[in-house]
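There are 2 protein chains.
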Amino acid sequence: MLSNSSKYAVKAVLYLAIHSHKNKKIMAKDIAESINVPQAYLAKLLQELSREEIITSVKGPKGGFYLSDDNRNFSLMDVVNVIDGDKRLNSCVLSLEKCNAEKPCPLHNLISPSKSVFMESLQKKKIKYFSKQIEEGSAFLPL
Amino acid sequence: MLSNSSKYAVKAVLYLAIHSHKNKKIMAKDIAESINVPQAYLAKLLQELSREEIITSVKGPKGGFYLSDDNRNFSLMDVVNVIDGDKRLNSCVLSLEKCNAEKPCPLHNLISPSKSVFMESLQKKKIKYFSKQIEEGSAFLPL
DNA sequence: TCTTAAATATGATTTTTATCATGTTTTAAC
DNA sequence: GTTAAAACATGATAAAAATCATATTTAAGA
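The listed protein sequences correspond, in order, to chains Z and F.
Using this note's numbering, the letters of the first sequence correspond one by one to residues 1 to 143.
Using this note's numbering, the letters of the second sequence correspond one by one to residues 1 to 143.
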């Protein structure tokens with residue numbers, strides 16, 4: 001479903017959503033430690049996200065990463081798409097090219113309803129929604 | 001979600017469900033061609049399934065693979081578990097050890113309902129159910 | 001019994017994914 | 001301006017997954 005890389009990316013973004021803001025940047029190294037992900041690897045992922053402007057970075061001393069208000073309006077789907085591309089999540093469970101609603105493969109009807117609910121909320125719910133969930137105590141860490 | 005290997009395995013089993021029976025064995029090579037999977041690789045997967053008695057094999061000339069009536073009472077979950085092990089499907093979307101219903105990670109509540117529906121039907125519906133779906137025209141090939 | 005066609009077993013290779021390492025650029029603070 | 005701390009860029013290595021190759025075992029049929 002999600003690659004390890006995009007799991008890492010999502011975790012990092014959620015971490016930033018909760019702990020960073022414009023005046024509180026966080027270094028790659030610190031994020032990596034907090035979310036239990038190899039740091040050099042995470043650094044690379046953060047750079048990709050930053051390049052796509054899903055997260056914000058500041059170079060030099062006192063620099064680091066944070067989420068701007070704009071950043072918080074992205075969805076986790078955006079995060080995943082940057083890392084995994086947009087095919088991975090959209091493909092059929094059995095990776096069948098020709099599977100679709102009209103000619104569903106045997107597993108399609110089993111998974112389709114549930115999957116589309118998931119995909120839709122991953123798409124529609126913005127990053128800020130998730131930090132709110134955590135603040136309210138409806139969702140939990142640690143990552 | 002599913003590894004390539006288990007997708008191949010599921011496809012092969014579905015193919016056998018539709019096209020094979022005791023008096024109609026099918027060679028690995030023919031299955032592979034029909035479902036568009038590299039043959040040597042599929043052969044290996046079929047051997048694992050056969051070893052676990054999810055499918056039936058007969059060696060020698062006129063040999064091949066088929067599904068016995070017993071085999072048809074296995075679920076696709078069984079197929080997947082043989083190939084991928086039983087952890088892969090059960091783990092949290094973000095692979096968080098500590099994520100569970102009481103302390104759900106931010107994505108848990110999003111995916112959990114849909115996922116359990118899927119898992120349950122993958123578990124409960126037997127192989128014969130799927131071949132029936134196809135016969136009835138509610139599900140389609142090609143694989 | 002001999003030949004041949006199939007699965008089976010084992011291991012080698014390739015490709016992809018994940019991880020690590022190192023040098024370059026930017027910028028704050030002195 | 002010099003230094004140092006951070007992201008950024010690039011490439012090397014390692015691990016895992018997928019694929020390929022080859023020799024062995026089994027059993028049907030002549």
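Idealized CB from N, CA, C, for every residue including glycine.
Note that the structure is a prediction, hence the values are computed from the model and not measured.
Which residues mark the beginning and the end of the beta strand (DSSP E) in which residue i is found?
i                  : result
Phe-140 of chain F : It is not in any beta strand (DSSP E) - Phe-140 of chain F carries neither H nor E in the DSSP assignment.
Ser-91 of chain F  : Premise fails: Ser-91 of chain F is in no beta strand (DSSP E) and is neither H nor E.
Ser-57 of chain F  : 56-58
Phe-65 of chain Z  : 64-66
Report buried or exposed for residue i, applying the criterion of at least 16 other Cβ atoms within 10 angstroms of its Cβ.
i                  : result
Ser-68 of chain F  : exposed
Ala-12 of chain F  : buried
Asp-78 of chain Z  : buried
Asn-81 of chain F  : buried
Lys-115 of chain F : buried
Asn-71 of chain F  : buried
Whole angstroms is fine: what's the gap from residue i's alpha carbon to residue j's?
i                  : j                  : result
Arg-51 of chain F  : Cys-105 of chain Z : 27 Å
Ile-54 of chain F  : Gly-85 of chain F  : 14 Å
Met-119 of chain F : Leu-45 of chain Z  : 31 Å
Lys-125 of chain Z : Ser-75 of chain F  : 35 Å
Phe-65 of chain Z  : Glu-33 of chain Z  : 14 Å
Lys-103 of chain Z : Glu-48 of chain Z  : 37 Å
Tyr-8 of chain F   : Ser-121 of chain F : 19 Å
Thr-56 of chain Z  : Ala-101 of chain Z : 39 Å
Val-37 of chain Z  : Lys-22 of chain Z  : 23 Å
Asn-4 of chain F   : Leu-42 of chain F  : 11 Å
For the alpha helix (DSSP H) that contains residue i, what are its first and last residues?
i                  : result
Asn-109 of chain F : 108-124
Ala-32 of chain F  : 28-35
Glu-48 of chain F  : 39-51
Asp-84 of chain Z  : 76-84
List the residues of chain Z that residue i touches, going by C-beta distances under 8 Å, in chain order.
i                  : result
Ile-134 of chain F : Pro-106
Leu-46 of chain F  : Result: empty, since nearest Cβ-Cβ is about 17 Å, beyond 8 Å.
Along chain Z, in chain order, which residues have C-beta atoms closer than 7 Å to that of residue i?
i                  : result
Phe-130 of chain F : Pro-106
Ile-111 of chain F : Phe-118
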